[in-house]
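J.:
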Amino acid sequence: MTAPIETLSALFLAELAALDAFAARREVEGGLLPGREDPDVRRLVEAMAFFSARTRAAAAASTRAAVRRIAAGTLDDLLAPSPAALMVQAVPDGGLVEPLTLPGGALLRVATPEGKVGIFSTGRALAVLPIAIEGAGLVEARRRLRVVIRLRALRPVRGAVELAFHVRRLNDYRASLALHDALEQHVARAFAVADGEERERPCQVAFGAEPPRRIEDETGEPGALAQIRSFFHQPEQDLFVHVSVPASPAPWGTLAIHLELDEAFPADMAVTHDAFHLFVVPAVNAWTDLSAPILCDGTRDSYPVRSPSAVLEGLELQGVRGVYRIGDRGMVPILPAALAQEGDTYEIEDDGEAGEPRLRLCLADAFERPAKVRVDARWSQSGLWSSAVGRVSIAPQTRHLPAVAFRAAGPVRRPAESPLARDAARCLDVLSLRMRPALDRRDLVGLLEILGTGGDGPYRGAHALLDALESSEAADPARRAGGIRRVYRLSLRRRSPEDAPLTRRLAAQVAELLDAWTEDPVDVEITTGADEARRALPAGGGARA
Numbered sequence: 000m001t002a003p004i005e006t007l008s009a010l011f012l013a014e015l016a017a018l019d020a021f022a023a024r025r026e027v028e029g030g031l032l033p034g035r036e037d038p039d040v041r042r043l044v045e046a047m048a049f050f051s052a053r054t055r056a057a058a059a060a061s062t063r064a065a066v067r068r069i070a071a072g073t074l075d076d077l078l079a080p081s082p083a084a085l086m087v088q089a090v091p092d093g094g095l096v097e098p099l100t101l102p103g104g105a106l107l108r109v110a111t112p113e114g115k116v117g118i119f120s121t122g123r124a125l126a127v128l129p130i131a132i133e134g135a136g137l138v139e140a141r142r143r144l145r146v147v148i149r150l151r152a153l154r155p156v157r158g159a160v161e162l163a164f165h166v167r168r169l170n171d172y173r174a175s176l177a178l179h180d181a182l183e184q185h186v187a188r189a190f191a192v193a194d195g196e197e198r199e200r201p202c203q204v205a206f207g208a209e210p211p212r213r214i215e216d217e218t219g220e221p222g223a224l225a226q227i228r229s230f231f232h233q234p235e236q237d238l239f240v241h242v243s244v245p246a247s248p249a250p251w252g253t254l255a256i257h258l259e260l261d262e263a264f265p266a267d268m269a270v271t272h273d274a275f276h277l278f279v280v281p282a283v284n285a286w287t288d289l290s291a292p293i294l295c296d297g298t299r300d301s302y303p304v305r306s307p308s309a310v311l312e313g314l315e316l317q318g319v320r321g322v323y324r325i326g327d328r329g330m331v332p333i334l335p336a337a338l339a340q341e342g343d344t345y346e347i348e349d350d351g352e353a354g355e356p357r358l359r360l361c362l363a364d365a366f367e368r369p370a371k372v373r374v375d376a377r378w379s380q381s382g383l384w385s386s387a388v389g390r391v392s393i394a395p396q397t398r399h400l401p402a403v404a405f406r407a408a409g410p411v412r413r414p415a416e417s418p419l420a421r422d423a424a425r426c427l428d429v430l431s432l433r434m435r436p437a438l439d440r441r442d443l444v445g446l447l448e449i450l451g452t453g454g455d456g457p458y459r460g461a462h463a464l465l466d467a468l469e470s471s472e473a474a475d476p477a478r479r480a481g482g483i484r485r486v487y488r489l490s491l492r493r494r495s496p497e498d499a500p501l502t503r504r505l506a507a508q509v510a511e512l513l514d515a516w517t518e519d520p521v522d523v524e525i526t527t528g529a530d531e532a533r534r535a536l537p538a539g540g541g542a543r544a
């Protein structure tokens with residue numbers, strides 16, 4: 000485990016300066032004979048500084064590695080970097096005859112104007128239908144305001160359809176959130192009217208993001224902390240309006256969806272004709288693939304992990320899902336060193352603060368029988384997207400879809416490293432919070448900073464809106480966890496009435512965080528400004544009308 004040259008040089012110069020200062024002080028005191036400028040003495044001083052610097056660098060690297068081993072499995076969702084993110088829209092043309100489903104984890108090739116190419120994977124499955132939006136607007140009917148979304152079918156549509164409208168107003172997140180929040184608060188009912196019909200068909204409406212899924216070949220869902228980090232990193236993924244349209248007696252070519260609003264809907268809220276978009280899905284610059292084969296012959300104990308692709312630029316190893324030994328009967332899994340009691344083992348070690356991770360292998364018979372090993376890894380290209388990019392072109396990486404075009408629905412969110420990745424002391428502090436039965440305001444503010452409010456984005460500095468947090472125990476009517484539940488009372492400060500939608504989203508994420516941090520049942524009561532206390536339920540799946 001060697002430190003990068005930049006770190007070692009900085010430590011060397013610091014040690015050399017300290018030795019020079021000590022020698023100069025001793026000369027003034029008369030405790031050291033002159034001669035610091037003698038070449039032999041100077042070389043000895045530099046050697047002492049070099050070895051001291053290497054010792055400090057090795058000790059720091061060992062400490063970081065030890066802390067990461069302790070945190071493994073507990074803080075994985077907080078330690079992993081947030082990859083570059085992008086909202087992608089699929090646009091069907093007249094050639095799309097049947098519905099098309101793009102599975103979750105589908106790979107997209109994203110190219111910048113400079114010719115750089117990155118790979119993004121979709122966050123969930125996307126169903127593309129032969130339907131296009133003709134426009135939207137705010138109309139008044141029967142003394143009630145309605146948002147009317149007009150659809151045109153590229154082919155006659157039969158049966159029930161599920162439509163997910165992404166709200167994107169004025170190409171601005173706050174403006175989009177204001178409209179989405181107003182609809183969520185004030186939609187009274189929804190119905191659809193097809194061409195040639197007068198009968199209103201009631202529709203179900205839901206707000207928010209669909210439950211996220213891991214990439215195609217993984218099981219389960221991301222943890223609650225990973226979902227909260229993903230929200231703060233790419234909050235646009237939450238701005239969906241889901242409408243379930245029942246089947247009509249006959250195929251339709253045009254359809255109008257009416258969202259009827261109550262009297263409290265803000266009268267000054269404008270609904271532009273292009274405020275709603277179909278077939279939008281979040282995508283991130285991360286995907287899984289097997290590494291290039293590694294030949295383990297017993298002459299080395301660690302190996303670099305390389306991607307099999309020689310075309311893509313800036314590839315970085317973001318995580319390891321498994322390591323396999325290639326044998327006559329296929330790939331045999333190798334256990335991590337932390338789990339294995341005997342036999343072959345592997346371990347991932349960081350090669351210094353900025354070095355590439357390396358795979359440490361321990362194969363008992365590698366010297367007599369060299370073995371090939373492959374790593375099932377998660378890859379990213381953080382360096383490729385660390386600076387702002389202009390318009391990008393998007394196309395499927397492994398599929399040919401002639402009837403569907405892809406385009407970016409917003410800017411590319413730059414990747415963000417976890418604040419815990421290089422701070423072992425802070426990582427231990429967060430680990431210690433797991434041992435506490437409840438969080439206080441200081442703990443909650445620190446966690447929100449780690450989860451994303453301390454970085455760039457619309458929620459930058461939002462943790463400062465937390466005024467007070469109190470917790471207590473109460474009886475649980477459902478008799479969970481021994482009949483005891485944890486009750487949090489949170490006070491949030493709202494800077495202006497225009498910040499109400501942002502504050503509500505923040506409150507929902509705080510409620511999710513408090514609920515996810517402990518195994519005990521949790522209730523959260525939130526007050527915002529002069530509002531009365533309200534009970535915040537975990538945010539997942541959205542509200543239905």
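Taking numbering that gives the first Met the number 0, the leading residue of the sequence shown gets 0, the next gets one more, and so forth.
Even glycine gets a Cβ: it sits at the ideal position worked out from N, Cα and C.
Source: prediction; values computed, not measured.
Determine which residues share a DSSP beta bridge with S490 and list them.
T.: Numbered from 1 along the sequence shown, position 491 holds the residue referred to as residue 490. BP columns for S490 point to A467, T526.
J.: Considering only residues of the same chain and omitting the five flanking positions on each side of R188, which have a CB-CB separation below 6 Å?
T.: Position 189 of the sequence shown, counted from the first residue, corresponds to residue 188. If we look at R188 and ignore the five residues flanking it on each side, its Cβ neighbours are E259.
J.: In chain order, what are the residue ranges of uninterrupted beta strand (DSSP E) at least 3 long that sit wholly in the region 281-350?
T.: 285-289, 293-295, 301-303, 315-326, 329-335, 344-349
J.: Alpha carbons only, please: which of A59, L15, R484, D288 is nearest the one belonging to A46?
T.: Position 47 of the sequence shown, counted from the start, is the residue given in the question as residue 46. Nearest of A59, L15, R484, D288 to A46, Cα basis: L15.
J.: Please classify C361: does DSSP put it in a helix, a strand, or coil?
T.: What you label residue 361 is simply residue 362 of the sequence shown in a count that begins at 1. Three-state DSSP puts C361 in a strand.
J.: Pick helix, strand or coil for M47, following the three-state DSSP scheme.
T.: Here residue 47 refers to the residue found at position 48 when the sequence shown is read from its first residue. Secondary structure of M47 (DSSP, three-state): helix.
J.: Kindly indicate which residue of P496, P102, A474 has the alpha-carbon position closest to the one of P520.
T.: Working through the sequence shown from its first residue, we reach residue 520 at position 521. Closest option to P520, Cα to Cα, is A474.
J.: Quick check on DSSP: helix, strand or coil for A65?
T.: Locating residue 65 in the sequence shown gives position 66, counting from the first residue. It is helical.
J.: Which whole-angstrom value describes the C-beta separation of E348 and S301, a residue pair presumed to lie in contact below a C-beta threshold of 8 Å?
T.: Translated into positions along the sequence shown, residue 348 becomes position 349. Translated into positions along the sequence shown, residue 301 becomes position 302. Confirmed, about 7 Å.
J.: On the criterion of 16 or more Cβ atoms from any shown chain inside 10 Å, does N284 qualify as buried, or is it exposed?
T.: To locate residue 284, count along the sequence shown from 1; it is residue 285. With 16 or more Cβ atoms within 10 Å of its Cβ, N284 is classed as buried.
J.: Considering only the beta carbon of each residue, do L137 and V240 sit closer than 9 Å?
T.: Mapped onto the sequence shown, residue 137 falls at position 138. Mapped onto the sequence shown, residue 240 falls at position 241. Between L137 and V240, the gap from beta carbon to beta carbon reaches 9 Å or more.
J.: Can you name the start and end residues of the beta strand (DSSP E) that P410 belongs to?
T.: On the sequence shown, position 411 is the one that residue 410 refers to. Per DSSP, P410 belongs to no beta strand (DSSP E) and is neither H nor E.
J.: Just list the residues that DSSP pairs H241 with in beta bridges.
T.: Start at 1 with the first residue of the sequence shown, and residue 241 comes out as number 242. The partner list for H241 (beta bridge, DSSP) reads A163, A205.
J.: Note down the Cα distance separating A363 from G382, rounded to an integer number of angstroms.
T.: Residue 363 sits at position 364 when you count from the first residue of the sequence shown. Residue 382 sits at position 383 when you count from the first residue of the sequence shown. Rounded to whole angstroms, A363 to G382 spans 37 Å at the Cα level.
J.: One question on the structure: do L338 and A70 come within less than 9 Å of each other, judged by their Cβ atoms?
T.: By 1-based counting over the sequence shown, the position of residue 338 is 339. By 1-based counting over the sequence shown, the position of residue 70 is 71. No. Outside cutoff.
J.: Within its chain, find whatever has a CB closer than 6 Å to the CB of D216; leave out the 5 residues flanking it on each side and keep chain order.
T.: One-based indexing of the sequence shown puts residue 216 at position 217. Confidence at D216 is low in this model, with a pLDDT of 44, below 50, so the placement of that residue is unreliable and no value is reported for it.
J.: Taking the Cβ atom as the reference point for each residue, do L450 and F231 lie within a distance shorter than 9 Å?
T.: Here residue 450 refers to the residue found at position 451 when the sequence shown is read from its first residue. Here residue 231 refers to the residue found at position 232 when the sequence shown is read from its first residue. Contact: yes.
J.: Does the contact criterion of 3 or more C-beta pairs under 8 Å hold for the region 309-320 versus the region 409-418?
T.: no
J.: What number of angstroms, rounded off, separates the C-alpha of A263 from the C-alpha of A394?
T.: Working through the sequence shown from its first residue, we reach residue 263 at position 264. Working through the sequence shown from its first residue, we reach residue 394 at position 395. The straight-line gap from Cα to Cα measures roughly 43 Å.
J.: Which of helix, strand or coil does DSSP assign to E472?
T.: Counting from 1 along the sequence shown, the entry for residue 472 is found at position 473. DSSP places E472 in strand when its eight states are reduced to three.
J.: May I ask you to verify whether the region 109-120 touches the region 80-91, counting CB pairs closer than 8 Å and requiring at least 3?
T.: yes
J.: Can you tell me whether E235 is buried or exposed? The criterion is at least 16 other CB atoms within 10 Å of its CB, across all chains shown.
T.: Along the sequence shown, read from residue 1 onward, the residue named residue 235 stands at position 236. By the neighbour-count rule (16 or more Cβ atoms within 10 Å), E235 is buried.
J.: From the DSSP output, which residues share a beta bridge with F405?
T.: As a first step, residue 405 is located in the sequence shown; it is residue number 406 there, counting from the start. Listed as beta-bridge partners of F405 by DSSP are A89, I393.
J.: Assign T73 to one of three DSSP states: helix, strand, or coil.
T.: On the sequence shown, residue 73 is found 74 positions in, with the first residue counted as 1. Coil.
J.: Less than 9 Å separating the beta-carbons of L360 and I293?
T.: One-based indexing of the sequence shown puts residue 360 at position 361. One-based indexing of the sequence shown puts residue 293 at position 294. Going by C-beta atoms, L360 is nearer than 9 Å to I293.
J.: Quick one: is A463 buried, meaning 16 or more other Cβ sit within 10 Å of its Cβ, or exposed?
T.: Within the sequence shown, numbered from 1, the residue matching residue 463 stands at position 464. It is exposed - the Cβ of A463 has fewer than 16 other Cβ atoms within 10 Å.
J.: Would the region 271-279 count as touching the region 131-147 if we require 3 or more Cβ pairs under 8 Å?
T.: Using a Cβ-Cβ distance cut-off of 8 Å, the region 271-279 and the region 131-147 are in contact, since at least three pairs of beta carbons, one from each stretch, lie closer than that value.
J.: May I ask you to list the residues that DSSP assigns as paired with H276?
T.: Here residue 276 is taken as the residue at index 277 of the sequence shown, counted from 1. Per DSSP, H165.
J.: Do you know offhand how far S385's Cα is from L505's?
T.: Counting from 1 along the sequence shown, the entry for residue 385 is found at position 386. Counting from 1 along the sequence shown, the entry for residue 505 is found at position 506. Answer to the nearest angstrom: the Cα atoms are 26 Å apart.
J.: Hey, could you find the ends of the alpha helix (DSSP H) G445 is sitting in?
T.: The sequence position of residue 445 within the sequence shown is 446, counting from 1. Counting along the chain, the alpha helix (DSSP H) containing G445 begins and ends at 440-447.
J.: Please state if the CB of R324 and the CB of T287 are separated by a distance shorter than 9 Å.
T.: Walking along the sequence shown from the start, residue 287 turns up at place 288. Walking along the sequence shown from the start, residue 324 turns up at place 325. No, they are not a contact pair.
J.: Taking the alpha helix (DSSP H) that F231 belongs to, which residues open and close that run?
T.: Numbered from 1 along the sequence shown, position 232 holds the residue referred to as residue 231. Where F231 is concerned, the enclosing alpha helix (DSSP H) stretches over 223-232.
J.: Quick check on F11: buried or exposed, where buried means 16 or more other Cβ atoms within 10 Å of its Cβ?
T.: In the sequence shown, the residue the question calls residue 11 occupies position 12. Buried, by the Cβ-count rule.
J.: Out of G318, L427, G454, point me to the one whose CA is closest to L289's CA.
T.: For the purposes of this step, residue 289 is taken as the residue at position 290 of the sequence shown. The shortest C-alpha separation from L289 is found at G318.
J.: Leaving out five residues before and five after A52 in sequence, what residues of the same chain have Cβ atoms less than 7 Å from its Cβ?
T.: Mapped onto the sequence shown, residue 52 falls at position 53. So the list reads L7, L10, F11, E14, once near-sequence residues are dropped.
J.: On the DSSP letters alone, give me the boundaries of the beta strand (DSSP E) that T545 sits inside.
T.: A query on residue 545 cannot be resolved here, the shown segment of the chain reaching from 0 to 544 and no further.
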